[in-house]
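This report refers to the structure that appears directly beneath it.
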Amino acid sequence: MINALKDNFGDFFESSLIEEIAELGQLKQFTAGEKIIEIGQYIKGMPLLLSGVIKILREDDDGDELLLYYLERGDTCSMTMACCLGDTQSEIRAVAETDVELVMVPIRKMEEWTGKYRSWRNFVFDSYHNRLNELLATVDSIAFKKMDERLVEYLREKTRISGSNIINNTHQEIAYDLHSARVVISRLLKKLEQMGKISLNRNSIEILDL
């Protein structure tokens, strides 16, 4: 574990902090599609992502989901930190977008490290700042952009984080992420295909020229 921590956090965490994380942290692995954190769950540790991608989702009163942002290697979730420190229930759902490996940091050490290590304090503040900017971008997208623009951005982001031009999601899954209806997403995807931007296959989408 310590080598993975050094690879991801060695540039900005003190070596003594990395050693503490390796000693006290719990290494966990999740397969793509597996839930990591559920809404209403009490969180007992803060995740530090070593590899893979996690998507963070919000749920409305009708049970429909909205994709808020992605977490990538070297990231953590500010909403999770807030729940840990406040001992409150999670208001988000975290799902493994790809296979994921992470370290769960115990709650009892988080506040101690904030005072003990400047690098940890900076990491926490930077994480809050980055996640806030991503949330604002999501709000702006919903408020000011049409669904076809949001869909194109979604497809571009999926190809970026996966490193592949093949997106293995159904139209319904994309509709869930964008808080839209499947028929709307299917119509817009078909339009993109007619424009030569994508190629639609069974349960997958090939990105050609977005």
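Just so you know, we're using the numbering used here here: the sequence shown kicks off at 88 and counts up by one.
Glycine included, every Cβ here is placed at the ideal spot set by N, Cα and C.
Which first and last residues belong to the beta strand (DSSP E) in which residue i is found?
| i | result |
| --- | --- |
| Glu-146 | 141–146 |
| Arg-180 | 180–183 |
| Gln-113 | 113–117 |
State the DSSP-derived secondary structure class of residue i, mapped to helix, strand or coil.
| i | result |
| --- | --- |
| Asn-288 | strand |
| Met-88 | coil |
| Lys-232 | coil |
| Ile-294 | strand |
| Gly-132 | strand |
| Arg-208 | helix |
| Phe-99 | coil |
| Ile-126 | coil |
| Met-191 | strand |
| Glu-159 | coil |
| Ser-249 | helix |
| Ser-138 | strand |
| Glu-152 | strand |
Given a cut-off of 7 angstroms, decide if residue j and residue i are closer than it, judged by their beta-carbon atoms.
| i | j | result |
| --- | --- | --- |
| Asn-95 | Gly-161 | yes |
| Ser-177 | Ser-214 | no |
| Val-192 | Gly-132 | yes |
| Thr-185 | Ala-91 | no |
| Leu-144 | Leu-158 | no |
| Leu-104 | Leu-137 | no |
What I want to know is whether the C-beta of residue i ends up closer than 6 angstroms to one or more non-hydrogen atoms of the ligand HEM.
| i | result |
| --- | --- |
| Ala-181 | Of ligands this structure carries none, so the ligand HEM is not represented either. |
Grab the span of the alpha helix (DSSP H) containing residue i for me, first residue to last.
| i | result |
| --- | --- |
| His-258 | 258–265 |
| Ser-273 | 269–281 |
Since I believe residue j is in contact with residue i (beta carbons under 8 angstroms), could you give me their beta-carbon distance rounded to a whole number of angstroms?
| i | j | result |
| --- | --- | --- |
| Ala-183 | Phe-117 | 4 angstroms |
| Arg-269 | Gln-259 | 5 angstroms |
| Glu-221 | Tyr-263 | Not really, about 19 angstroms apart at Cβ, beyond 8 angstroms. |
Looking at C-beta atoms only, is the number of pairs between the region 144–158 and the region 198–207 that lie closer than 8 angstroms three or more? Touching, no.
So, do the region 240–258 and the region 284–291 have three or more beta carbon pairs nearer to each other than 8 angstroms? yes
Is the region 265–276 touching the region 222–241, taking contact as three or more C-beta pairs under 8 angstroms? yes
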